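Input: a single structure, listed below in structure tokens.
Numbering (the numbering used here), first residue to last: 12 to 146.
Given below as structure tokens:
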């Protein structure tokens, strides 16, 4: 295990942590594999596989805790980004609705001006209307 987060790993149980420290000499730096230890008399003693499994499980649990924590953090960050996007889009929608309403009002004003112009007897408009109406 050579991840940058490995230094963050702490075993949950202090007893396991002590056990790991006592077995430190049996841990290979490259792959953290427990090997047999040599006693003072030079006789090899097998490492207790149960202890090895406990250490392995504790490390896995801790890696999982870190991964879960990172996942929750990413989820919160994503939700915050989405909330900001919703806020921005709502503001943009309000702005666009205001522009649309202003344009609708402008169309109504222009239609009214055309109607007033025709009612005042504009010859151009009357000629145009007579050409457009079917005879």
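Quick reminder that beta carbons are idealized off the backbone N, C-alpha and C, glycines included. Please read these numbers as outputs of a predicted model, since none were measured by experiment.
- Going by DSSP, residue 127 is part of the alpha helix (DSSP H) stretching over 60-130.
- Less than 9 angstroms divides the Cβ of residue 125 from the Cβ of residue 136.
- One Cα belongs to residue 62, the other to residue 69, and the distance between them is close to 11 angstroms.
- If you look at residue 141, you'll find it in the alpha helix (DSSP H) that goes 134-143.
- A straight line joining the alpha-carbon of residue 97 with that of residue 81 spans about 24 angstroms.
- Counting only the Cα atoms, residue 73 lies some 21 angstroms from residue 59.
- Residue 66 counts as buried, since no fewer than 16 other beta carbons sit within 10 angstroms of its beta carbon.
- Residue 129 sits close to residue 140, with the two beta carbons spaced by under 9 angstroms.
- One alpha carbon belongs to residue 101, the other to residue 83, and they sit about 27 angstroms apart.
- A direct Cα-to-Cα measurement between residue 113 and residue 133 gives close to 28 angstroms.
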